[in-house]
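J.:
Protein chains: 2
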Amino acid sequence: MSSTTGTLRVAVIDRDGAFLKVLGNRLDAAGWQHRILGGLVPVEELVAMKINAIVLDMSVLPPEEAWPFLERVCGMLPGLGVIVCTNESTVAQRVRGLRLGADDWVGKPCHPEEVMARIEAVVRRRRRQSGGREERGPLVVGELEIRADQYQAFVSGRSGDLTRREFELLQALADAQGSVIERGEIYRRVWGYEMAHGDRSVDVFIRKLRIKLEQLSPSWSYIHTHFGIGYRFDPEPVDPSAEAAPSAAAVDAGEDAEATTVERELEPTDA
Amino acid sequence: MSSTTGTLRVAVIDRDGAFLKVLGNRLDAAGWQHRILGGLVPVEELVAMKINAIVLDMSVLPPEEAWPFLERVCGMLPGLGVIVCTNESTVAQRVRGLRLGADDWVGKPCHPEEVMARIEAVVRRRRRQSGGREERGPLVVGELEIRADQYQAFVSGRSGDLTRREFELLQALADAQGSVIERGEIYRRVWGYEMAHGDRSVDVFIRKLRIKLEQLSPSWSYIHTHFGIGYRFDPEPVDPSAEAAPSAAAVDAGEDAEATTVERELEPTDA
DNA sequence: CCGCCCGGTAACCGGATTTTCACAAGCCCG
DNA sequence: CGGGCTTGTGAAAATCCGGTTACCGGGCGG
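Top to bottom, those sequences are chains A and B. Per this note's numbering, residue 25 is the first one in the first sequence, and the count goes up by one each step. Per this note's numbering, residue 25 is the first one in the second sequence, and the count goes up by one each step.
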């Protein structure tokens, strides 16, 4: 379950040193990003933080501000998971908090692991209902537009006709923005399990993808090979002068001009 | 806040008479429909009940069945709010339950009002993203008019004679406006629970729907297949010329010739 | 009790996609 | 400059997928 959660961004509004310390450690251990806030924070700041959830101790807020703050937060950030984690409380207070929009209410003292499990539960539910993918705006790199909601890449509205695997591969590469990924890692991310020794699937799909990307956007080069390591995704304009002459020689040596991608402007050179 | 909740359907699996009585009263008072279940219930039955949330006392289940049951319920009904409400429990148990998919875990004794507030909180998370469109006006796409209040689609007043499932499928597709939806997601939205591996129901109903939509509005194409992924709903006028004269298509291929792969062996054809 | 409607399942088929192979081409290092 | 290992290529072989049709069984109204 937790594996599906991925990395979360959490804000904690509290002042209880011991609790903060131990919770902080756990959050770090889980790889979640977190930020401690000492008290009342403008809601706009929370918005800017792009967090998935907030853990709030009502008692650190000035009493007359606590409820309005909770209401404001829940109202302004409907997608945010709100877990109130506070000392003793009455049923009425808990009901009030939950009705105001809090997602959960835990009494202190509480185990940080449970707090995290509750955060997960809250975020999980929120994500599920959104159908999994929604806030993933189209990613634009070079001339390419990668649209997760379409499982497809486009250039000026033109579809790349990528198959599912090709698209997932593209996405995995693009997600790494600029860094080299090893084959094994690519395989794990796209295929979902460990690559068998000697499997060339990644290479083959890299090729298919390159072909389709070049058809789509011939003046850019997107996938770069790192010998002995893997591949790197990085859009860069291709330099036309460099390859015009040499490539022409290589190509016309063979016979299969049409089989591969395109008849470029290698023509001009010798024609 | 509670005003937005509307009427909910809740199942309670418990045997604590006093608790059931007082909770039942509150549920009635709130106008929520509820059903008391004495113990282990086949998940299929829960599916058929179309409930929004379930309140579960783990201790009424045989100990070796409790966790698997919780897991099964959460796995099969991802949209269902699951509130575990049980006697004493350890942190580890609560964490386990929450990680297994439970949305909340309350210890007994607890105030029924709080249980209800927690149900609301859980269900609220669920509805938020889905847009809570109750008063969905007739949706018009292409020639089609989708009327939720009639469970039916029309073209210039003529009914499509869609069955309930067909209509729900259409609606689910249309709600996604333009995005590709995976089969599993479609199934989840229309059937309400997790699709079993190898289930072809979606495909078959897509076909039935396509047939009826085509009868209704032959000059439009609404449902598009995305191989290996799912379907996309997007009304577009069908191109009559395309199929009328296939030979013509080949000739005028000039426009998108390079868009698709097209390894054209230019010479063989007429040479 | 009969038949029809509707949802759901099984199976077949053709086409799309993925995997696997064999070999050519490249890169690195000594 | 040559060998050894890595990557690019092309295509065949193996799978996977979706379209379609037939059929089964429950619910319902006559």
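Virtual Cβ for every residue (Gly too), placed ideally from N, Cα, C.
1) Have a look at Q176/B and D173/A and give me their C-alpha separation to the nearest angstrom.
2) Going along the chain, which residues of its own chain have a beta-carbon closer than 8 Å to the beta-carbon of Q153/B, five neighbours each way excluded?
3) Mapping DSSP to helix, strand and coil, what is S83/A?
4) Below 7 Å on C-beta distance, what does P102/B contact in chain A?
5) Considering only the alpha carbon of each residue, which of R123/B, V36/B, L61/B lies closest to L51/B?
6) Just to confirm, are I230/B and L193/B a CB contact at a threshold of 9 Å?
7) Apart from the five residues just before and just after E267/B, which ones in its own chain have a Cβ nearer than 6 Å to its Cβ?
8) Would you list, in chain order, the members of the region 179-204 of chain A that have their beta-carbon closer than 7 Å to a beta-carbon of chain B?
9) Taking the beta carbon of A116/B as the centre, do at least 16 other beta carbons fall within 10 Å, making it buried, or is it exposed?
10) Looking at C-alpha atoms only, which residue of G222/B, W215/B, H250/B is the closest neighbour of A72/B?
11) From M219/B to A90/A, what distance separates their C-alpha atoms?
12) Between A269/B and chain A, is there a C-beta pair that is closer than 9 Å?
13) Assuming the contact rule is C-beta atoms closer than 8 Å, I210/A and V226/A should be a hit. Round their C-beta distance to whole Å, please.
14) So, using beta-carbon positions, are V108/B and G121/B closer together than 9 Å?
15) On a Cα-Cα basis, can you pick out the residue from M82/B, V67/B, G30/B, G131/B that is closest to Q57/B?
16) Measuring only from the beta carbon, is Q239/A closer than 8 Å to any heavy atom that is part of the ligand GDP?
17) Any C-beta of chain A sitting closer than 9 Å to the C-beta of I78/B?
18) In terms of alpha-carbon separation, which member of G208/A, F257/A, R123/A, A145/A lies closest to G125/B?
19) Can you name the start and end residues of the alpha helix (DSSP H) that A53/B belongs to?
20) Where does the unbroken beta strand (DSSP E) through V108/B begin, and where does it stop?
21) Go through its chain and collect everything with a Cβ distance to A269/B's Cβ below 7 Å, but skip five positions before and after it.
22) Tell me which residues share the same chain as A42/A and place their Cβ nearer than 7 Å to its Cβ, disregarding the 5 neighbours each side in the sequence.
23) Between S83/B, V67/B, E138/B, V119/B, which has its C-alpha nearest P136/A's C-alpha?
24) With a cut-off of 9 Å, does the C-beta of L85/B fall near any C-beta of chain A?
25) Applying a beta-carbon distance threshold of less than 7 Å, which residues of chain A neighbour H250/B?
26) From the DSSP output, in three-state form, read off L301/A for me.
27) For A77/A, is the classification buried or exposed, using 16 other Cβ atoms within 10 angstroms of its Cβ as the cut-off for buried?
28) Between E112/A and chain B, is there a C-beta pair that is closer than 9 Å?
29) Using CA coordinates, which residue listed in Y217/A, L163/A, R234/A is at the minimum distance from A200/A?
T.: In brief:
1) Here residue 176/B refers to the residue found at position 152 when the second sequence is read from its first residue. Here residue 173/A refers to the residue found at position 149 when the first sequence is read from its first residue. Each residue's alpha carbon lies about 27 Å from the other.
2) To locate residue 153/B, count along the second sequence from 1; it is residue 129. In this prediction, Q153/B scores a pLDDT of 48, lower than 50, which makes its location untrustworthy; no coordinate-derived value is stated.
3) Along the first sequence, read from residue 1 onward, the residue named residue 83/A stands at position 59. The answer is helix: DSSP assigns S83/A an H, G or I state.
4) As a working mapping, residue 102/B is identified with position 78 in the second sequence. The contacting residues are R152.
5) On the second sequence, position 27 is the one that residue 51/B refers to. Minimum Cα distance to L51/B is reached at V36/B.
6) Numbered from 1 along the second sequence, position 206 holds the residue referred to as residue 230/B. Numbered from 1 along the second sequence, position 169 holds the residue referred to as residue 193/B. Cβ atoms of I230/B and L193/B: closer than 9 Å.
7) Taking the second sequence and counting its residues from 1, one reaches residue 267/B at position 243. No answer about E267/B holds up, because its pLDDT of 46 lies below 50 and its placement is not dependable.
8) R182, D185, T187, R188
9) Locating residue 116/B in the second sequence gives position 92, counting from the first residue. Result: exposed.
10) As a position in the second sequence, residue 72/B is number 48, starting the count at 1. Measuring from the Cα of A72/B, the nearest candidate turns out to be W215/B.
11) Sequence index remark: in the second sequence, residue 219/B carries index 195 (1-based). Sequence index remark: in the first sequence, residue 90/A carries index 66 (1-based). Spanning the two alpha carbons is a distance of roughly 44 Å.
12) The sequence position of residue 269/B within the second sequence is 245, counting from 1. Low confidence applies to A269/B: its pLDDT is 46, below 50, so where it sits in the model is not reliable, and the reading given next is rough at best. Cβ-Cβ to chain A under 9 Å: no for A269/B.
13) Locating residue 210/A in the first sequence gives position 186, where the first residue counts as 1. Locating residue 226/A in the first sequence gives position 202, where the first residue counts as 1. Indeed, because the Cβ distance is near 5 Å, the residues count as touching under 8 Å.
14) As a position in the second sequence, residue 108/B is number 84, starting the count at 1. As a position in the second sequence, residue 121/B is number 97, starting the count at 1. Against a cut-off of 9 Å, the Cβ pair of G121/B and V108/B comes out as a contact.
15) Along the second sequence, one-based indexing puts residue 57/B at 33. The residue with the shortest Cα to Cα distance from Q57/B is G30/B.
16) Ligands in the displayed structure: none, and consequently the ligand GDP is not present.
17) To locate residue 78/B, count along the second sequence from 1; it is residue 54. Output row for I78/B: interface = no.
18) Counted from its first residue, the second sequence places residue 125/B at position 101. With distances taken between Cα atoms, G125/B lies closest to A145/A.
19) In the second sequence, residue 53/B corresponds to position 29, counting from 1. Where A53/B is concerned, the enclosing alpha helix (DSSP H) stretches over 41-54.
20) Locating residue 108/B in the second sequence gives position 84, counting from the first residue. Its beta strand (DSSP E) spans residues 105-110.
21) The sequence position of residue 269/B within the second sequence is 245, counting from 1. Low confidence applies here, because A269/B scores a pLDDT of 46, under 50, leaving its location unreliable and the question unanswered by this model.
22) As a position in the first sequence, residue 42/A is number 18, starting the count at 1. Correct list: empty, nothing qualifies.
23) What you label residue 136/A is simply residue 112 of the first sequence in a count that begins at 1. Out of S83/B, V67/B, E138/B, V119/B, V119/B has the C-alpha closest to the C-alpha of P136/A.
24) Start at 1 with the first residue of the second sequence, and residue 85/B comes out as number 61. Output row for L85/B: interface = no.
25) Along the second sequence, one-based indexing puts residue 250/B at 226. Here the neighbours are Y175.
26) It is not possible to answer for residue 301/A, since the shown part of chain A is limited to 25 through 295.
27) To locate residue 77/A, count along the first sequence from 1; it is residue 53. With 16 or more Cβ atoms within 10 Å of its Cβ, A77/A is classed as buried.
28) As a working mapping, residue 112/A is identified with position 88 in the first sequence. Not closer than 9 Å to any Cβ of chain B, the Cβ of E112/A fails to qualify, so no.
29) Indexing the first sequence from 1 puts residue 200/A at position 176. Of Y217/A, L163/A, R234/A, the residue nearest in Cα terms is L163/A.
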